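Heads up, the sequence shown is in the numbering used here, so the first residue is 56 and it goes up one at a time. For reference, the structure discussed in these notes is given below.
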Amino acid sequence: MIDAVKVEGKPREVCRDIINKVTQDLPRGSVKGVTLTGSGAKFVSLHLGLKHITEFKAIAENFKNLYPEIKSVFEIGGETSKYLGLRDGLITDYETNGDCAAGTGSFLDQQAKRLMYKIEEVGDKALKTERKAVIAGRCSVFAKSDMIHAQQKGYKPAEILKGLCNSIAINYKSNLLKGKDFSTPVAFIGGVALNKAVVAALRENFNLTEDDFIVPENPEYMCACGSAVFEANRITVNTLDMSAAGTIRDVFPTYQPLDMNQVVLLRNEVPKYKFPKGKTKIDAYLGIDIGSVSTNLVITDEKGNVVKEVYLMTSGRPIDVVSAGLKEIEKEIGSRINIKGVGTTGSGRELIGELIGADVIKDE
């Protein structure tokens with residue numbers, strides 16, 4: 056039985072709900088014990104009265120019992136990356152990434168969303184293209200800048216995604232292996248192991264054959280399987296206290312979430328622009344700020360008064376977004392304005408400025 060649920064900041068509640076679901080779905084009394092693993096295991100085990108083991112221990116237990124031929128393990132998960140050297144079920148060497156999540160699953164997920172792709176689509180999309188952009192994988196800030204520059208140079212989203220997948224492999228090799236030797240065969244696990252483009256990039260960067268570099272079935276569940284194997288070998292029955300309070304407020308004091316009830320938004324206080332009577336057009340100027348996160352279009356009159364503003368998420372598609380913003384302006388006030396000049400700024404200023412024939416292209 057396999058299940059996966061996003062924690063979304065509530066590990067205790069999610070873990071309790073999953074255990075309840077498992078114990079209800081399986082025959083009564085068949086769950087003899089529970090062992091937790093993962094970054095939140097210590098916290099959750101403390102408040103649910105369960106045992107916990109480290110992810111390194113869980114991985115070692117899993118491969119010792121189920122894949123004894125594996126000598127090295129590469130893991131790239133949601134927030135952490137690991138390397139384990141194994142011999143006779145014992146850990147002979149290990150490395151893990153630091154606090155920065157660059158080059159992990161969350162990093163890939165964030166960048167995929169910017170390009171308006173689901174994380175599950177990234178691998179297949181990237182594999183279908185030959186060319187790849189050069190993307191920095193060691194820092195998400197640099198990666199975002201490289202992606203914008205790649206768009207300005209005409210790279211397609213799939214080519215940027217392929218470069219992103221390759222950067223994850225390069226980051227793993229330089230940040231975790233650091234030039235050290237490792238034994239084969241290697242197993243690649245973690246959620247990112249489901250990404251075929253990252254698998255191909257790792258195999259290429261480490262110069263490994265398909266026999267030397269494998270992705271086991273259900274690679275994202277290897278840690279959980281390891282904790283189950285550990286528990287099965289011990290068979291020490293836990294007392295499951297699933298009646299524990301269901302909110303984090305029972306663990307330590309918390310404040311109520313902030314809300315917008317008492318907030319005054321200044322943009323709502325700005326009076327709406329009034330056009331002159333009749334159908335006379337006014338002279339106006341268009342400014343476009345194409346950023347990595349959002350794109351803003353503003354129409355002003357000759358006195359600098361804001362006639363129309365449009366705020367859109369760039370989503371890694373500056374051309375499409377600017378086109379949508381211009382269509383909105385055309386639809387709402389196109390018949391009342393006469394554009395006398397256009398300026399662009401932001402990280403996508405050169406690309407958009409060239410395409411729309413901007414009079415002024417300036418940095419921020």
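Beta carbons are placed, not taken as given, at the ideal position from N, Cα and C, and that holds for glycine. Note that the structure is predicted; figures quoted are calculated from it, not measured.
| Item | Value |
| --- | --- |
| Range covered by the alpha helix (DSSP H) that runs through residue 173 | That residue, residue 173, is in no alpha helix (DSSP H); it is neither H nor E in DSSP. |
| CB contact flag (residue 86, residue 92, <8 Å) | no |
| Buried versus exposed, by CB contacts within 10 Å (16 or more), residue 203 | buried |
| C-alpha gap between residue 59 and residue 119, whole angstroms | 24 Å |
| For residue 250, three-class secondary structure by DSSP | coil |
| Rounded Cβ spacing between residue 393 and residue 354 (contact assumed at less than 8 Å) | Going by Cβ atoms, the distance from residue 393 to residue 354 rounds to 11 Å, so no, they are not a contact pair. |
| Residues bridged to residue 340 [DSSP beta-bridge criterion] | 355 and 396 |
| Element boundaries [alpha helix (DSSP H), containing residue 72] | 66–80 |
| Stretch pair the region 350–368 + the region 208–217: three plus CB contacts closer than 8 Å | no |
| Beta-carbon gap between residue 108 and residue 90 smaller than 8 Å | yes |
| Where the alpha helix (DSSP H) containing residue 376 begins and where it ends | 373–388 |
| When 208, 331 and 333 are compared against residue 405, the one with the closest alpha-carbon | 208 |
| Sequence-distant residues of the same chain with beta carbon closer than 6 Å to residue 371, five excluded per side | 169 and 170 |
| Those runs of the beta strand (DSSP E) which lie wholly inside the region 87–165 and span at least 3 residues | 127–131, 136–142 and 145–151 |
| Cβ contact (3+ pairs, closer than 8 Å) linking the region 137–153 and the region 109–116 | yes |
| Within the region 194–247, ranges of the alpha helix (DSSP H) (whole runs, at least 4 residues) | 195–207 and 212–227 |
| Which listed residue (351, 182, 316 and 281) has its alpha carbon closest to that of residue 373 | 351 |
| Residue from 348, 381, 340 and 68 whose Cα sits closest to the Cα of residue 361 | 340 |
| Endpoints, alpha helix (DSSP H) assigned at residue 405 | 404–411 |
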